[in-house]
Amino acid sequence: MPLTYTLPERAPPIIFGDDGATHPPRYRRTRDGVGGTLSEILAILEACLQVGRIERATVILKRISSYPDLDSETLLDLHNRYLRAAVENIIVNPSEEAAQALHRWFELEVRAQGLPQDAVTVAYMLKASLQSPDSSRRDRLVRRYMDMVQGEAGLAVLGADILTAEELNTITHICPTYNLAEELEGGQEYLDAETNQEDSLAKGPATTAAEVRPTEQKGLGLKSLKQSLSLFTSLSSDYDLSVMNEDEKRALQRQLEEDAVQAAIDRWRDENSNLAKLGLNSNLQTKSVGARMWHWQERLERALKEELVKVEEAEEKTSRNPTEAKRCSYGPFLRCVSPEKLSALTILSMMNAMSAMGLDKGIPLANAIMAIAKNIESESIMESLSREANVRKNVWNDPKQSLRKARILQGLKRKAEAMEASRSVENEEALFGMIVEKQWPTAIKAEVGSFLLSTMIDVAQVPVTMKDPETGKNITQMQAAFSHGQQYKMGKKQGVVMAHKELVEQLRREPVHSLLAKHLPMLVKPEPWTSFASGGFLSHPGKVIRVKNGSRDQRFYANAAISRGNMGRVFQGLNILGQQSWSINEPVFNVMLEAWNSGEAVANLAPANPNLPYPPEPAASTDPLERRRWITSVKKIENARSAFHSQRCFQNFQLEIARVLRNRIFYFPHNMDFRGRAYPIPPYLNHMGADHCRGLLKFGTGKPLGHSGLKWLKVHLANVSGFDKASLKEREQYSMDHLEQIYDSASNPLGGKRWWLTAEDPWQCLAACIELRNALESGDPTSFISHLPVHQDGTCNGLQHYAALGGDIWGAQQVNLEPGDRPADVYTAVADLVKESISKDIENGHKLAGFLEGKITRKVVKQTVMTNVYGVTFIGAKAQVRKQLVAAYNDLPETAEANANSLSTYVATKIFTALSTMFKGAHDIQYWLGDCATRVSKSLTPEQIDRLASKFLDKETGRRPNNTVIDEMTQFKTSVVWTTPLDMPVVQPYRSSKARMVKTNLQSISLTDPHRSDPVNPRKQLQAFPPNFIHSLDATHMLLSAAKCHDAKLSFAAVHDSFWTHACDTDTMNTILRDAFIEIHSDDVIGRLAAEFNIRYKDHMQLAAVRQSSAAFQKILKYRKSLPKNQRGKGAELLNEVERLRLLRSSNPEDVEKGKKMVTAASIYAETAAEADLDLDHEPELESLGLGSLATSKLSVDDDKTMEEVLDENMPSDAQVNDAEAGVASPTDAVDSEEPTPHFEAVVSPTAGARRSHVLPTWIWIPLKFAPVPEKVR
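Taking our numbering, I'd label the letters of the sequence shown as residues 12 to 1285.
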């Protein structure tokens, strides 16, 4: 079958000019309780409208109408939102007083103030007028508002998708200007017929068919996996979803998504009720965490209801104390979700976060606050969307009403204009149903989360039993389940929330798995992605791109690309990945369940009771050094125990999900990070998980093996066993040679020889053993229906892309870009080069080389080779090598000259040298990418320059701004932006956002609130660009391969550079993978990138360094001394240079001549220096770039943390608790925030800490130009 999917014709790059974004001003909180940034105030307004607090919304709207940074278009939109909510409130809760207040507001606050109105505004006022019970007043109001619009404007009002057909009829009877009566009478038949059709549909088959019998309760606790997830309590394991139609399945899926919180509440209530029936006092005697949570739930719900009363009292006051003013700020958000759900979400979020961080370690206060707030925000958005949908059916025009009106409006003389107006208003109305900006600002989240957390700390209690020292009897008392304290981390005091040790012990016995599990695998195919926030789960709002909190640039670019139709192919790839069906491999699950219940540490399953005895405590008289060693050993054991417990809690949850999903087909909706790499959204169990997760999963559909598939199944078994460096024939023979062990593993996995446990990936090996055994025993193995995914893994795919970009033939051979019977292994090749170099050093008498003879293995060099492509520094590489050497050999020398540190430095140097030799072209490409990022991140946009020019000299006084203003206006704010071969724009999110202190109920916490106006972080922009660019190519290859496999009717899944399909389709998939790779690199990828950069960054001005050794250096210094004071400094020099360039580009010969006569620092440089005199090496970050570069400066990537890990730290994690941490200022964030602002002054004036081996250069403004693209190695 021909594969029609190819790379698209490249669209022109999307370019956003600098919109003049500055940090939003903060407005002082006044006695009406309104204050903060505009986004915070608008969020409060939106919350008030959402919960029907119209009076409060009126006060807020009046306040912000006077703000200077609110443009007329935004103000009009806010007025229309306010009107919509107010009219809804009048219709749902009829009140003549509220109606009169609305009309009075419109006259005094809108018309009298001369504020803008449109057709939507008038349509809302007409709808409000029609609610009046007094017909004469109704008619008078309708005439007044219709008199405000004439001609086409009146048609636009009537065509708005706000007024129903019946309301149109009433209006035209009152104001017969448009004479719709005949049309309405003619259309009544159609209207009635359609109404009857709706009624018959409503009385048709009920949707209750989607409801299923509840699963029988299997115990009060969650001590084993014999209990189903609370979310699926209503879903019987023997219910056959195959008999349900698609609508019924979708209804069930929607119910499961929406009922996650309620299911947990019901479970707690049931456990508490069951204990009461047994006559147990659950306050003291129960061992059930679920019943304990029910008591927390009741007390917390009661406290929240009391708080809401206090909020209402505070809002009604005219004079408020600070506490009451704060209540006015967070109160509206507490109303967005019912007290019952608020309390449950708080408990679930806290328990989820504690489990993820380690129960006995505690959780940073800021993390706990943001975890709670994030989940409340998510639930609020979902309920808001659900409510809007319901109100739209009952109050506003639903789609069928729009059809009726369309039929009626066709009779108008100006029907074309009216229908066009109707369509434009429909587009406006569509905005109301979008998530767009419903997200809460960081400060609001902090206030809401801190209040809920502090209230939970106050009400949550656990029973603690202890002996009475006097009577010796056991007494039980209730104590706080959580406490707030402080710890030191990285030398800084940090607030933490700790769980009581009794609760910790109870959770060790009985892990809580009523966790907030909204993002579980889906029972129906995910919604296709059609926009930034539309796709994936049916009910829960999602985003197609995981953006760092506050990073709006990526969203702006993505929305622009979507509106232009550029993201269609990316969406197609994500949809294909999401529509791949999966099922649980039940034989593997049964073995895993048995191993789990045994408590053994089988494969990667954490042991229930790890055998980690504490060392005996030394005597009090022992040497203090010995005691410190004992304390260190105890801490290591405690950390290991805690790690095992956390791992077991998480695995327990994964296995419970697998248990519930047995015998079912399910799906993983996907989205992607800002680089385009796809990830499944369900975080707990997916094919990107650890070995046991992959072993549990198989495709939902099977295919006959065939002869080719049987071969690939055997090869796959050898691969997961660890025998993956041999030829395909040798790997196939390996499986046949181990048939006895394979059969034993499949038939008696835990009671037999356990050969599968010796494999590199034990659970995947067990799955392959069972599949091969079943195939061979089926009678005809080639006809056996196989569901097992067979993997084809890339060989260090980052190096593959680099080798293709740089034209490195030798390097390409080492990463399998050339065919061969036996797979090449780049790690072995590098290890061989290192060994060869060490052997030569031994011959030459090198002191360190002799200690390493025979010690250089593939494992020693692998991590460094793998991470070098992702920007690991030399110091990081040295730490990686040291770790491997120390772990493998206990006979390393420990002298001053020869020790683990010096040996690892020596070996790391050899590895870098080998890489730079093997990948010369890739080295040059990587350096060029970093150089481009340096130039971009230290440049000013044309818009910044224009703003500086407009404010530089005051026309009246002739004064220029002070240095602080100039510093602010010349901050570098340009991110590196590029477009992938699939036309997806990528924006690097790395900015230097300063943390700010936010006062909460518990303590002040440090939070970052990123904004587009923040200066970029040049260091991260530089270091991250090469690996991010390679990731974007890798993502393109994966999505392109997914689409081609879909065209060829292949099942397809991917784990970045590992591609999965059925065994019988492996050969076809391999061809597709090669073709897709060739298709990408047949184009001039780097040449296209350079061309895009030249367009995107045209007219930017770059700050460049001139070497002291250049001929221009002294001349520039002399020129600057000769300038008058008002022409000195970075601002004046920049504007002079921009003016010179403008004159030189002029078509007027006189201007050109004038420009030639102008003298600037850049003109002196242009006349007397060459480009080689630019001191690019002055950028210390560039030292670390290039494969095998021996950088010695310790940058942001150090030890064994790679740039890959640093990049991932800037991405929202799959787990909800980590996702909620976005916006929390970590200790490293605090360090970054304290760096000097990266602008002219920061680089012109060297700090005391800047110690360089050479004299600092001078700096000049020049047009941003990029170095020539490196030629490919020939």
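Glycine included, every Cβ here is placed at the ideal spot set by N, Cα and C.
Identify whether V613 lies in helix, strand or coil by the three-state DSSP scheme.
Coil, per DSSP.
So, with DSSP's three-state summary, where would you put S948?
Correct three-state label for S948: helix.
Quick one: Cα of N256 to Cα of G822, how far?
Near 54 Å, if we compare the C-alpha coordinates of G822 and N256.
Assuming A457 contacts T1011 under a Cβ cut-off of 8 Å, what Cβ separation, rounded to an integer in Å, is found between them?
About 6 Å; that satisfies the 8 Å criterion.
Which full runs of the alpha helix (DSSP H) of 4+ residues lie inside the segment 877-907, going along the chain?
The qualifying runs are 885-899.
Should L724 and V801 be called a contact, given that it needs their Cβ atoms to be closer than 8 Å?
In contact: L724 and V801 (Cβ atoms closer than 8 Å).
Which residue or residues does DSSP assign as beta-bridge partners of S550?
S550 pairs with nothing; no bridge assigned.
Short of 8 Å in beta carbon distance, which residues of its chain neighbour F443, apart from the five on each side in sequence? Order them along the chain.
For F443, the pLDDT reaches just 34, beneath the cut-off of 50, and the residue's location in the model is therefore unreliable, leaving the point undetermined.
With H, G and I counted as helix, E and B as strand and the rest as coil, what does DSSP make of H1073?
H1073 falls in the strand class under three-state DSSP.
Using CA coordinates, which residue listed in A22, G584, K554, I556 is at the minimum distance from K1055?
For the residues A22, G584, K554, I556, the minimum Cα distance to K1055 belongs to G584.
Opposite P715 in the DSSP bridges: which residues?
The bridge partners DSSP lists for P715 are I796.
Assuming W307 is part of the alpha helix (DSSP H), what are its boundary residues?
Per DSSP, W307 is one residue of the alpha helix (DSSP H) stretching across 300-327.
Whole angstroms are fine: how far does the CA of A1278 sit from the CA of K1168?
Looking at the two C-alpha atoms, the distance is approximately 28 Å.
Which same chain residues, not among the five before or five after V62, have their C-beta less than 7 Å away from its C-beta?
Answer for V62: P343, R346, C347, listed in chain order.
Rounded C-beta distance between L1050 and A689? I'm assuming under 8 Å.
Rounded to whole angstroms, the Cβ separation of L1050 and A689 is 7 Å, and the two are in contact under 8 Å.
Just mark V459 as buried or exposed, buried being the case when its beta carbon has 16 or more other beta carbons within 10 Å.
Looking at its Cβ environment, which holds 16 or more other Cβ atoms inside 10 Å, V459 is buried.
Inter-residue CB distance, D1045 and H1067 (contact presumed, cutoff 8 Å):
The C-beta separation of D1045 from H1067 comes to about 7 Å, placing the pair in contact by the 8 Å criterion.
8 Å Cβ cutoff met for V475 and E513
Their beta carbons are under 8 Å apart, which means V475 touches E513 by this criterion.
Could you tell me the distance, in whole angstroms, from the CA atom of E597 to the CA atom of H1048?
Taking the straight line from one Cα to the other gives about 33 Å.
If you pair each beta-carbon of the segment 932-951 with each one of the segment 1032-1044, do three or more pairs fall below 8 Å?
Touching, yes, given that three or more Cβ pairs across the two stretches are closer than 8 Å.
Taking 8 Å as the cut-off, decide whether the C-beta atoms of Q3 and I358 are in contact.
Summary: the structure shown does not reach residue 3, with the chain confined to residues 12 through 1285, and so no result is reported for it.
Which complete alpha helix (DSSP H) runs does the segment 1084-1141 hold, if anything under 4 residues is left out?
When DSSP assignments are scanned along the segment 1084-1141, the uninterrupted stretches of alpha helix (DSSP H) that are 4 or more residues long and fall wholly within it turn out to be 1096-1107, 1123-1133.
Rounded Cβ spacing between H495 and I468 (contact assumed at less than 8 Å)
Yes, H495 and I468 are in contact; Cβ-Cβ is about 6 Å, under 8 Å.
Per-residue DSSP class, three states only, for Q999:
The three-state reading of DSSP puts Q999 in coil, since its state is none of H, G, I, E or B.
Give a yes or no on contact between the segment 735-749 and the segment 613-622, applying the rule of three or more CB pairs nearer than 8 Å.
These segments do not touch.
Between the segment 916-934 and the segment 837-847, do three or more beta carbon pairs fall short of 8 Å?
Touching, yes.
Could you check the C-alpha separation between Q662 and H1042 for me, to the nearest Å?
Separation of Q662 and H1042 (C-alpha to C-alpha, rounded to the nearest whole angstrom) is 29 Å.
Does DSSP classify T1213 as helix, strand or coil?
Only weak support exists for where T1213 lies, its pLDDT of 42 falling under 50; the coordinates are left without a value.
Could you give the C-beta distance for M995 and V473, rounded to a whole number, given that I count them as a contact under 8 Å?
A Cβ-Cβ distance of about 50 Å is found for the pair M995 and V473, leaving them out of contact under the 8 Å criterion.
Spatially closest choice to S106 from I75, A54, I65, I849, by CA coordinates:
The shortest C-alpha separation from S106 is found at I65.
Can you tell me which of the three DSSP states F1277 falls into?
Here F1277 carries a coil assignment [DSSP, helix/strand/coil].
Quick check: what's the CA-CA separation for Q811 versus A729?
Roughly 24 Å separates the two Cα atoms.
Check each candidate in D145, Q450, S1069, D1078 and name the one with the smallest Cα separation from T806.
Among D145, Q450, S1069, D1078, the Cα nearest to that of T806 is on S1069.
Three-state secondary structure (DSSP) at K503?
K503 falls in the strand class under three-state DSSP.
Just confirm the distance between the C-beta atoms of G817 and F664, as a whole number of angstroms; I'd bet it's less than 8 Å.
Not confirmed; about 45 Å, so no contact.
For T1269: DSSP bridge partner residues
Answer by DSSP bridge pairing, in chain order: V1117.
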